[in-house]
Amino acid sequence: MAKEREFLVIGLGRFGGGLAETLVELGHEVLGVDVELKLVQSYSGRLTHVVEADSTDIEALQQLGAADFGTAVVAIGTEIEASILTTAALVDLKVPRVVAKAISAPHGKILERVGADRVVFPEHDMGVRVGHSLAGKMIDYFQLDPGFALVETSAPKEIVGKTLADAEVRRRYGITVVCVKPQGGTFTYATPDTVVQEGDILVVAGETKRAEEFGEME
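At the far end of the sequence shown sits residue 220, using our numbering, and the numbering has no gaps.
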């Protein structure tokens, strides 16, 4: 369990730095690594440990004890070659879980081929979320899988004043209402007996197309 709570984060830019600080806030041990001394100095005292090192050098990673971490995150930004070489080195060192950031689909495919356990596209994913929230009625949008999404939206008029059971949202719309937030209140779990009121905010889950269609209902 101790190993699972220890993270190696390589690349302390906006994504890597934010991720590393969040992990520390959640009670995990984090070693942050970057090739730029200024970034390393800026995170001194904010992470468990922080080191200036060239992560493309497998010997440097060995000296840092990379193989002793449960998870390594390669958060290197635009330096694609460094991203790939670092990911490959971590795989060679048999780090149990290697997560790598990609900036394009081809970059992501290469990271998968060299052995990354998970590839993330933070800029793309955020762009999709913001695009959905700006283009229609949806408040927020989160793609859980290529065919499944979570949508935050205001309650459509069709179901206002009804319980979720009476509104038959699952049968009629093919989605599940996960939680409800009344005006001025906080989110609570939804039940079949939950009565939807005007101004309520709903979080719904379902197949992407159905969740999007429900999220755009007036």
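C-beta atoms are modelled at their ideal positions from N, C-alpha and C, and glycine is treated no differently.
Since we're looking at a predicted model, the values are computed, not measured.
Tell me whether residue i is buried or exposed, calling it buried when 16 or more other Cβ atoms sit within 10 Å of its Cβ.
i             : result
aspartate 147 : exposed
lysine 103    : buried
aspartate 202 : buried
tyrosine 191  : exposed
threonine 188 : exposed
serine 222    : Residue 222 lies beyond the range of the chain shown here (3 to 220); nothing can be said about it.
aspartate 94  : exposed
isoleucine 12 : buried
alanine 77    : buried
alanine 4     : Any reading at alanine 4 must be qualified, since the residue scores a pLDDT of 49, below 50, and its modelled position is unreliable; the value itself is stated next. Result: exposed.
alanine 213   : buried
glycine 20    : exposed
glycine 67    : exposed
alanine 118   : buried
aspartate 59  : exposed
alanine 91    : buried
leucine 204   : buried
threonine 196 : buried
For residue i and residue j, which I take to be in contact (beta-carbon distance under 8 Å), what is that distance rounded to the nearest angstrom?
i             : j             : result
alanine 142   : glutamate 154 : The sequence given here places aspartate at residue 142; alanine does not occur at that position. Their Cβ separation, rounded to whole angstroms, is 4 Å, which keeps aspartate 142 and glutamate 154 in contact under 8 Å.
alanine 69    : lysine 96     : 6 Å
threonine 210 : alanine 169   : Not really, about 21 Å apart at Cβ, beyond 8 Å.
threonine 88  : serine 57     : 4 Å
valine 180    : alanine 207   : 5 Å
valine 101    : valine 122    : 7 Å
Once DSSP output is grouped into helix, strand and coil, what is the label at residue i?
i              : result
aspartate 142  : strand
glycine 19     : helix
serine 46      : coil
isoleucine 78  : coil
leucine 36     : Before going on, a small fix: residue 36 reads as aspartate here, not leucine. In this structure, aspartate 36 counts as strand in the three-state DSSP scheme.
isoleucine 105 : coil
leucine 204    : strand
serine 156     : strand
glutamate 218  : coil
glutamate 31   : strand
valine 116     : coil
glutamate 170  : coil
alanine 4      : Note that alanine 4 scores 49 on pLDDT, short of 50, meaning its location in the model is unreliable and no value can be drawn from it.
leucine 14     : coil
leucine 41     : helix
leucine 66     : coil
glycine 176    : coil
glycine 186    : coil
What does DSSP give as the partner residue(s) for residue i in the beta ladder?
i                 : result
tyrosine 191      : Cys181
lysine 96         : DSSP, once it has assigned bridges, lists no residue as partnering lysine 96.
phenylalanine 150 : Asp147, Glu209
threonine 73      : Phe9, Arg99
threonine 165     : Val197
valine 61         : At residue 61 the sequence reads glutamate, which differs from the valine that was named. Paired residues: none, contrary to the question.
valine 52         : Gly34
valine 121        : Ala102
Using beta carbons (cut-off 9 Å, strictly below), is residue i in contact with chain B?
i             : result
histidine 109 : Absent from the structure is chain B; it holds one protein chain and no more.
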